[in-house]
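The block underneath contains the structure these notes are about, expressed in C-alpha cells.
Protein chains: 2
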Amino acid sequence: MRIALAQINSVVGDLAGNAERMYDIYNQALGRNVDVLVFPELAICGYPPEDLLHKQYFLADARRVVENLAGRCTKMTIVAGFAEGSRGRCYNSAAVIRDGKISRIYRKALLPNYGIFDEQRYFDRGKLPMVINLHNISTAITICRDIWDSDWLSNFLKNSAKISMVINISASPFHIGKMQQRQSVIRSCATELDCAVCYCNLVGGADELVFDGRSLFADSKGNIVLKAKAFEEDMFIADITKSGSAELHIKAEQPMSPQPRDSIDEVYQALVLGTKDYIQKNNFKKVLLGLSGGIDSSVAAAIAAAAIGPENVIGITMPSKFNSPQTRADAEKLANNLKIEFLTIPIDLVLGQFDKALSDVQEWNNQGIAYENLQARIRGNILMSLSNQLSALVLTSGNKSETAVGYTTLYGDTAGGFAVIKDVYKTMVYKLADHINSIAAKQIIPQTVLSREPSAELRANQKDTDSLACYDLLDEILTGYIEQDKSAEQLIGQHLPSDVVLKVIQMVDRNEYKRRQSPPGVRITPKAFGKDRRLPITNRYSHYTDTKSPQSDL
Amino acid sequence: MRIALAQINSVVGDLAGNAERMYDIYNQALGRNVDVLVFPELAICGYPPEDLLHKQYFLADARRVVENLAGRCTKMTIVAGFAEGSRGRCYNSAAVIRDGKISRIYRKALLPNYGIFDEQRYFDRGKLPMVINLHNISTAITICRDIWDSDWLSNFLKNSAKISMVINISASPFHIGKMQQRQSVIRSCATELDCAVCYCNLVGGADELVFDGRSLFADSKGNIVLKAKAFEEDMFIADITKSGSAELHIKAEQPMSPQPRDSIDEVYQALVLGTKDYIQKNNFKKVLLGLSGGIDSSVAAAIAAAAIGPENVIGITMPSKFNSPQTRADAEKLANNLKIEFLTIPIDLVLGQFDKALSDVQEWNNQGIAYENLQARIRGNILMSLSNQLSALVLTSGNKSETAVGYTTLYGDTAGGFAVIKDVYKTMVYKLADHINSIAAKQIIPQTVLSREPSAELRANQKDTDSLACYDLLDEILTGYIEQDKSAEQLIGQHLPSDVVLKVIQMVDRNEYKRRQSPPGVRITPKAFGKDRRLPITNRYSHYTDTKSPQSDL
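Chains as they are written, first to last, in this note's numbering: chain A, 1 to 554; chain B, 555 to 1108.
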C-alpha cells in the first residue's frame, strides 16, 4: 500500500481555498500512484478556527466543501480533518473518503483544553474508536491528542480488531522541545499498541501559532523511520507492506527530508514561517519596521527579509538627539546588508512641538519617563502613518524579556500588527543574530550591533541594565516564573538574588495591561504571552507579600 | 434559622484582603445574630482568577487563608467559595466552616466552558453531592452552574436525603437580560426540587466582567421573595422557619432593596461599577479622557464622574482646525456641568510638524485616511503623556458599534487603559445620555450634543454616516451578526438591505486586529468583544462569498 502524508498549510476559514489546495495535492498523488492520502486535523478549515465553530452556517459550509472535495477525488482513499456539525453539536472529525463519498467519520475523543487549546469550548467528545481495513492493513484512525495517552488509547481500542497501524492526523503547534516530546509520544504509542504509526501534522502560521509539519512514520518498534520537511508544505510518500507476520515494513519513496540543524535553526525557521504567513495570509505584500541600530530590530528585519523578500521590507530610522551616531550608522548598515529600503525621519522637531503643547499643563516634565515614552510614541505614530499610507504592515521588535517586565512603551515601540520576536528571550535574540550571520556566511547584522551594550536611547547615556538586571539573570528568572510557574521562594532557593527576583516578578505582574494591548507574535516557547497564559489585569495576588512583609520600595 | 447572604466585592488575587473583608462581615453578622453566613463562589480569590490557578503556591496560599479565616470565625456556620488544590488537582469548591474549622468541602460539578467561562481549563469536576443539616433544615450546597440544569440536579441529588433548601453560591456576571434568565433558573430549581433557594452572587468589577449581586431567596413555589441590592455590596438577612410540613417560611430581617428602575438604569449602574472597580482595584485615583464634544465622550465622562467623583476626572479637549466652535464649546460645557477639571491642548502645530516630517516620504498624502488617523494618534499620544505624568488612567470612549466595524484609530482614540462604553451600541449611548440627564434632573449632557449629527471631525464636513449606515440599521445588523451568529443570508432575509449587510459584516471581520489591541471595557451584552468572542485575526472565512459570487468593491 502506498500512503502519502500531505502536510498542508491551511488558511483558517478559507474552506474553498484549502479544499482546492487539497485537490491539487490529490492530483499530484494520483500521478505517484498513491493509495491512501492523509491530510492533517481540521485541514479543511485550518487550525484554530475558534468561534467560527459557533456559526451553524460555517459548519454547513465546511460539510458542503468536504462533500464536494470527496466527489472530485474518486480514485483514492483520503483521510482529512474537518469540523463536523451534527444535530446542533460539533465534532473535531476525520472524514474517510472512498469512491467519491465520505464513507466513514471518526470523531476525536480526547479534547485538549489547556495551554493554547480550548477544544472543550467547541467540540463534543467522540465516543467510538474507528478501525478500518486499508488494503488489508487493520488501521485505527485517531486525531492529535488521542495518541498522547497510550494507556487510554489501548483501552479505547480494546474491543476493536487487533490493529497493525495507527493513522494520526494532527494540528500540533511548535514550541522549543516539542519535536522530542512528540517523537516520544509516537514511540510510546507504537510500542504500547505494537503497530506502525503514520503521523500527519499541519504546517504554517495562524496568528501566534506556527505548525511545524515534520509528519513522520514510525515502525511498531517505535523507530522513527521517515520524517517530512520542517516548516514547509510536503507530501511524504511511503510504501507499507506486511513483512512476516503482522509487522509492517515501511519504505520511503523519497529520501528523508533535511531537518533543522539545531534548536536555534528550528526557532529561526519557526519565526520566518510564522511571520511570512501572518503577513501573507492577511493579504499584506509589504512590511515596515523601525530600525534603531539595536539587536532586536536588526534580527526582526532579517527575519522579515527572509520571510517575504528584502524588496518588500522597509526599514525606518527615526533618530532623536539621544541617538548616537554609531546606532544611526548601524541601522543604515543593516539595511544595506539586508538590501531593504531605508528611510530616515528625524523626530526632534515633532518632539519639540509636542513638548511645547504639553507645557501648558503645569505638571509636565520634559526630563522624566513621560518624555521618554513620548519619543517612542512619536515613532509609533510615524510608523502607523506610513503603514496607513503605504498599506504596509508594521512589524514590532520587542523581545520576550522586555515584554515580560513591561520595558516597552504602549503605543510606542509596541505599535504594530505583528511582533516578530515577542516570544524570544533577549539572550536567545543574540543567538539568532549569530545564526543569521552564520547561514548568510557573512556579517548581515553588524558586529557593533552584537557587541554594543543595549540601550533604549530615550535619554542621555541610558543603558537597559539601568532599569533591568543583566539579561542572563533576567531570562533565568523569567523562564522560572513564567514557564515553570515557580514562586519567588523557589527562585530565591535556587540562589538567584532575592531583590532582583522580587522586583522582576512584580514588574511581570504589573505589566499585564501592556501585554494585553500588544500585537500577536510567533509562539516558540511552551508558554508565550498569548492564549497559553491568561491572567487577569485586575489582580492583586502577591505570593511573597502574603507570606512575608513586603518591601515597599520594590 | 437566621441566614445572611453576603454579596461581597472580592478583588481577584487579594486573598488576604478578601478574607479580611469577610471577617469584618462575620463580625457584623455576629451582631445581628446570624446562624449561617453565605459568601459567593470563589469569594476568597475573586472571580475569575484565570491562570493564577495554575500556580501551586497560589492554591496553597488560598487554602491557608481559608483555614486562617475559619479559625477566627468560631461562632457561626459559614459557606464560602474558594479554589481548592488537592493532590495536584484543582476544584471550584465551597468550604462549610463550623466550630472554627473547614468541616466539609463541596466541589462544583458542572463546570461552564463557554462564553466568558473557561472552567474546564482549570478545575476538575466534583462528583459527589453534598446535603448538610443546617438547624434541622436539610440543605444541598451547590455552586453556580450546578443549579442551571434542574433535571441534572434532581438526578445528582437522587440518592441524598430529601432536601428543603438549596444554597447556591455564584459568580454570575451581568449582561442585559441576565437577571430574568437567572430568576427563571432559580424558579425552576425551586419547583423541580420542591425546596427553597438561597442564592448568593458576587458583586463588583473584574476587568471586563461586572457582577451584579442581587442575591435572593426563593420559596419552594419558585416565588422570589427577597432580593439584595444590585451592583453594591450587601448583607441580606432572612429568618427561615419550617411552616407546616417540610415547607419553609422565609421572612426578611429588612425591607427589600430598591432595584434598578429599568434596563437602561441597570446598564448605567453596571458601567459605573465596572469603571469604578477597574480604576480603584488597579490602584488609580484619577482618570483622564479626551472630550470631543460628542455624545460618546460625554457619556463616558459622566460615568467616570459618577464612578470616582468629578474631582478625580480630567477632561481634555484637543481641537484641530477641523473641530467646529460648537463641539469645542460643548466639551467645555459638559466639563462644567460635571464639575470636572478641563484642559485644552490644541494639536494643529504638532500636526503640522508631523506633516512636515512625513513629507520626506514621497507617497505621503495629507488629505487621506492616514492624515485623519494621525490626528487621532496625536491625541492618543497627548493623553498617554499626561497619563504617565499625572499617574492617571486614560479612559477611552469608543462604543460597540464603531468598535465592531473598526471605525476607530488604533493607538488613537482606542489608546487608554479602560474602554467605558466598549460594549454599548451607539443607539444605547443616546439612551444612556437621556438617563444621565434624567437622574441628575438637569441637562448634564448638553442638548446640542444629543441632537448634533455624529462626526469624527477629522476632515472638513465629515459625518459618521458618510462611512457607516445610520446607527439604527447598523446596530440591528451588528446585534444579529455578533450576538445571534446570524449569517448575511439570514439578515438579508429579515429585509435588511443586502449591500449594507455585506459591507458591515466584512468590516466586522476585517477589524479583529484592532479589537485585539483595544483596552478592556465593561461587558453588558451576552456577547462582548472580550473573552466571550474569540475569533482568529488571520481568518479568510466568508460565508456569503463562498456561496455566491463576491462583489469586489465591498
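Note that CB positions come from ideal geometry on N, CA and C, so glycine has one too. Source: prediction; values computed, not measured.
Burial state of residue i (16 or more Cβ within 10 Å)
{"i": "Asp553 of chain A", "result": "Confidence at Asp553 of chain A is low in this model, with a pLDDT of 32, below 50, so the placement of that residue should be treated as unreliable; the coordinate-derived value is given next. Classification for Asp553 of chain A: exposed."}
{"i": "Tyr23 of chain A", "result": "exposed"}
{"i": "Gly46 of chain A", "result": "buried"}
{"i": "Cys470 of chain A", "result": "exposed"}
{"i": "Arg1070 of chain B", "result": "buried"}
{"i": "Gly724 of chain B", "result": "Going by the sequence as given, residue 724 of chain B is Ser instead of Gly. Buried, since its Cβ has 16 or more Cβ neighbours within 10 Å."}
{"i": "Gln1105 of chain B", "result": "Confidence at Gln1105 of chain B is low in this model, with a pLDDT of 37, below 50, so its placement is unreliable and the value that follows should be read with caution. Its Cβ having fewer than 16 others within 10 Å, Gln1105 of chain B is exposed."}
{"i": "Ser708 of chain B", "result": "exposed"}
{"i": "Thr1092 of chain B", "result": "buried"}
{"i": "Lys712 of chain B", "result": "exposed"}
{"i": "Asn942 of chain B", "result": "buried"}
Contact set for residue i: own chain, Cβ-Cβ below 6 Å, skip 5 residues either direction
{"i": "Gly380 of chain A", "result": "Tyr411, Gly412 and Ala415"}
{"i": "Gln674 of chain B", "result": "Leu665 and Asn667"}
{"i": "Gly204 of chain A", "result": "Asn9, Phe211 and Asp277"}
{"i": "Lys887 of chain B", "result": "Pro1000"}
{"i": "Glu820 of chain B", "result": "Pro814"}
{"i": "Gly1142 of chain B", "result": "In the structure as shown, chain B starts at 555 and stops at 1108, and residue 1142 of chain B therefore has no counterpart that could be examined."}
Nearest residue (CA-CA) to residue i, options the options
{"i": "Phe710 of chain B", "options": "B:Glu746, B:Asn687 and B:Gln737", "result": "B:Glu746"}
{"i": "Asp541 of chain B", "options": "B:Pro1051, B:Pro1074, B:Ala1042 and B:Arg586", "result": "Given a span of 555 to 1108 for chain B in the structure shown, any question on residue 541 of chain B remains unanswerable."}
{"i": "Leu905 of chain B", "options": "B:Val739, B:Arg768 and B:Asn927", "result": "B:Asn927"}
{"i": "Tyr513 of chain A", "options": "A:Gly530, A:Ala441 and A:Thr142", "result": "A:Gly530"}
{"i": "Asp146 of chain A", "options": "A:Ile176, A:Ala161, A:Arg182 and A:Asn136", "result": "A:Arg182"}
{"i": "Ala1134 of chain B", "options": "B:Ser726, B:Gly635, B:Ala973 and B:Val1003", "result": "For chain B, the structure presents residues 555 to 1108; residue 1134 of chain B sits outside this window and is missing."}
{"i": "Gly309 of chain A", "options": "A:Ala335, A:Ala80, A:Cys144 and A:Val504", "result": "A:Ala335"}
{"i": "Phe728 of chain B", "options": "B:His1097, B:Ala1082, B:Tyr1095 and B:Leu1089", "result": "B:Ala1082"}
{"i": "Ala230 of chain A", "options": "A:Ala270, A:Ser160 and A:Thr327", "result": "A:Ala270"}
Contacts around residue i, its chain only, beta-carbon distance under 7 Å, and the 5 residues preceding and following it disregarded
{"i": "Arg377 of chain A", "result": "Thr409, Tyr411 and Gly412"}
{"i": "Lys321 of chain A", "result": "Asp348"}
{"i": "Asp909 of chain B", "result": "Asn920"}
{"i": "Asp1100 of chain B", "result": "Its pLDDT being 44, under 50, Asp1100 of chain B is placed unreliably in this model, and the value from its coordinates should be taken loosely. So the list is empty, once near-sequence residues are dropped."}
{"i": "Arg21 of chain A", "result": "Ile8"}
{"i": "Ala859 of chain B", "result": "Val867, Leu892 and Ile894"}
{"i": "Asn323 of chain A", "result": "Glu457"}
{"i": "Asn1065 of chain B", "result": "Val959 and Gly960"}
{"i": "Lys1102 of chain B", "result": "Legend: pLDDT at Lys1102 of chain B = 43, less than 50; position of this residue unreliable, no value from coordinates given."}
Near the ligand FAD: residue i beta-carbon under 7 Å from a heavy atom
{"i": "Asn919 of chain B", "result": "The ligand FAD is not part of the structure shown, which contains no ligands of any sort."}
Same chain only: Cβ atoms within 8 Å of residue i, ignoring 5 sequence neighbours per side
{"i": "Leu944 of chain B", "result": "Lys840, Leu842 and Ile868"}
{"i": "Glu1007 of chain B", "result": "Lys1017, Asp1018 and Thr1019"}
{"i": "Ala43 of chain A", "result": "Ile8, Ser10, Asn18, Met22, Ala80, Gly81, Phe82, Ile169 and Leu202"}
{"i": "Leu59 of chain A", "result": "Leu53, Ala83, Glu84, Gly85 and Cys90"}
{"i": "Ile137 of chain A", "result": "Met1, Ser164, Met165, Ile240, Lys242 and Leu248"}
Along the region 478 to 499 of chain A, where does the CB come closer than 7 Å to a CB of chain B? Name the residues. Asp485 and Ser487
According to a CB-to-CB cut-off of less than 7 Å, which residues of the region 383 to 404 of chain A neighbour chain B? Of all residues in the region 383 to 404 of chain A, Met384, Ser385, Leu386, Asn388, Gln389 and Leu390 have a Cβ within less than 7 Å of some Cβ in chain B.
Please list the residues of the region 814 to 845 of chain B that have a C-beta atom closer than 7 Å to any C-beta atom in chain A, keeping them in chain order. Tyr832, Lys835 and Asn836
Assess contact between the region 33 to 40 of chain A and the region 1 to 9 of chain A, defined as three or more Cβ pairs (one per stretch) separated by less than 8 Å. Is contact present? Three or more beta-carbon pairs separated by less than 8 Å link the region 33 to 40 of chain A to the region 1 to 9 of chain A, which places the two stretches in contact.
Against chain B, which members of the region 519 to 540 of chain A pass a CB distance test of less than 8 Å? Pro519, Pro520, Arg533, Arg534, Leu535, Pro536, Ile537, Thr538, Asn539 and Arg540
Of the residues that make up the region 674 to 696 of chain B, which ones have a beta carbon closer than 8 Å to any beta carbon in chain A? Gln674 and Arg675
Cβ-based contacts, 9 Å cut-off: residues of the region 67 to 101 of chain A near chain B: So the list is empty, because no residue satisfies the distance condition.
Taking beta-carbon pairs under 8 Å, can you tell me which members of the region 1053 to 1068 of chain B lie near chain A? Tyr1067
Positions along the region 12 to 33 of chain A whose CB lies within less than 8 Å of some CB in chain B: Val12, Gly13, Asp14, Leu15, Ala16 and Gly17
Within 8 Å of chain B by C-beta, residues of the region 183 to 208 of chain A in sequence order: Gly205, Ala206 and Asp207
Interfacial residues, the region 857 to 873 of chain B to chain A, with Cβ spacing under 7 Å: For chain A, none of the residues of the region 857 to 873 of chain B brings a beta carbon within less than 7 Å of one of its beta carbons.
Interfacial residues, the region 52 to 63 of chain A to chain B, with Cβ spacing under 8 Å: Leu52, His54, Lys55, Gln56, Tyr57, Phe58 and Asp61
Please confirm if the region 669 to 687 of chain B is in contact with the region 613 to 626 of chain B, defined as three or more CB-CB distances below 8 Å between the two stretches. no
Name, going along the chain, the residues of the region 959 to 984 of chain B whose beta-carbon falls closer than 8 Å to a beta-carbon of chain A. Residues Leu964, Tyr965, Ala969 and Gly971.
Assess, as a yes-or-no matter, whether the region 126 to 144 of chain A is touched by the region 208 to 224 of chain A under the definition of 3 or more beta carbon pairs within less than 8 Å. no
If we count Cβ pairs, one from each stretch, closer than 8 Å, do we get three or more for the region 388 to 397 of chain A versus the region 438 to 451 of chain A? no
Within the chosen definition, does the region 424 to 431 of chain A reach the region 474 to 483 of chain A through at least 3 CB pairs nearer than 8 Å? yes
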